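Counting in the numbering used here, the sequence shown runs from 3 upward without gaps. From the three backbone atoms N, C-alpha and C, an ideal C-beta is built for every residue, glycine too. Every value quoted in this text rests on a predicted model; they were computed, and no experiment measured them.
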Amino acid sequence: MTTAWMLGGDRITFNGHGTGTFDGNGQIWYDLANGVGNLPGRPISLMITNTTNSRFTNLRFVQSQFWTMAIKNAEDVLLDSIYINSTSSTSDAESLSGGGGGLGYARNLIFRDFKVSDLTDSVAFISQCTSYSGATGGCDTSLFQISDVTWGPMVGNVASPTLASLQCSGSAPCPGIRFVDFDAIATTGNSGQITCENVENPIGFNCTS
Numbered sequence: 003m004t005t006a007w008m009l010g011g012d013r014i015t016f017n018g019h020g021t022g023t024f025d026g027n028g029q030i031w032y033d034l035a036n037g038v039g040n041l042p043g044r045p046i047s048l049m050i051t052n053t054t055n056s057r058f059t060n061l062r063f064v065q066s067q068f069w070t071m072a073i074k075n076a077e078d079v080l081l082d083s084i085y086i087n088s089t090s091s092t093s094d095a096e097s098l099s100g101g102g103g104g105l106g107y108a109r110n111l112i113f114r115d116f117k118v119s120d121l122t123d124s125v126a127f128i129s130q131c132t133s134y135s136g137a138t139g140g141c142d143t144s145l146f147q148i149s150d151v152t153w154g155p156m157v158g159n160v161a162s163p164t165l166a167s168l169q170c171s172g173s174a175p176c177p178g179i180r181f182v183d184f185d186a187i188a189t190t191g192n193s194g195q196i197t198c199e200n201v202e203n204p205i206g207f208n209c210t211s
């Protein structure tokens, strides 16, 4: 992966005061990728790495080149009042995502008080598949475990029938996945589909497939 900016440390206070903006000039990158996931060379706007006891607040991200943010080797980090808009004028933009192959874990995560508008697909998304340059595989072999994640409350709408897509690895299933007050999110056709693989004892929702 390529990263535009990597930042880390202990007790960081990063406040954009509502105007500090990361502008990735993303449209040229969206056109270059032409729908191919994880195309080499597309940079992540901000990588928060090796970070503890820190706060990132009141920031704006527009037209991110690839993923807006990634977090690595971090503990007790708060992201609050973050505005994100990466809308392509020629193709669908990508939704929030998490997960991936390899080793390690992501746990005790909370995503709350989100306001989403015409999100392309899924307010909650986990994929344990390895995806690179359009090729996907290894969906059930990853030992990277995602656990104890809460989404919600959230409000807004998703421009698809799918409310959430949770694809956990068969080798490291996902326990402790919780949805809170997802009734406030509208989907196309009000179907609110939640697709699941290897999700153990979901809390606050039922998988529809």
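- Of G106, S83 and R44, the smallest CA-CA separation from K74 is found for G106.
- Scanning the stretch 38-87 from its first residue to its last, no whole alpha helix (DSSP H) run of 4-plus residues comes out.
- With contacts defined by Cβ atoms closer than 9 Å, R57 and F116 do not form a contacting pair.
- Between T164 and the set D185, P155, T197 and G158, the nearest pair of CA atoms involves T197.
- Per DSSP, the continuous alpha helix (DSSP H) segment holding D33 begins and ends at Q29 to A35.
- Taken in chain order, the complete beta strand (DSSP E) segments of 3 or more residues contained in the stretch 142-169 are 147-153, 156-160 and 164-169.
- Secondary structure at F184: helix, using DSSP grouped into helix, strand and coil.
- Residue state for N17 is assigned as strand, using DSSP reduced to three classes.
- About 5 Å separates the beta carbons of L168 and V201, which is inside the 8 Å limit, making them a contact pair.
- For N110, the enclosing beta strand (DSSP E) has its first and last residue at Y107 to F113.
- With fewer than 16 other Cβ atoms from the protein chains shown falling within 10 Å of its own Cβ, G43 counts as exposed.
- Spanning the alpha carbons of D78 and I86 requires a straight line of approximately 22 Å.
- When C-alpha distances from A72 are compared across G194, T4 and D142, the shortest belongs to T4.
- Around W153, the same chain offers F113, A126 and F181 as residues with beta carbons nearer than 6 Å, after the five sequence neighbours per side are excluded.
- One thing to note: A161 has its Cβ no nearer than 9 Å to the Cβ of T210.
- Here the alpha carbons of A188 and V157 stand approximately 8 Å from one another.
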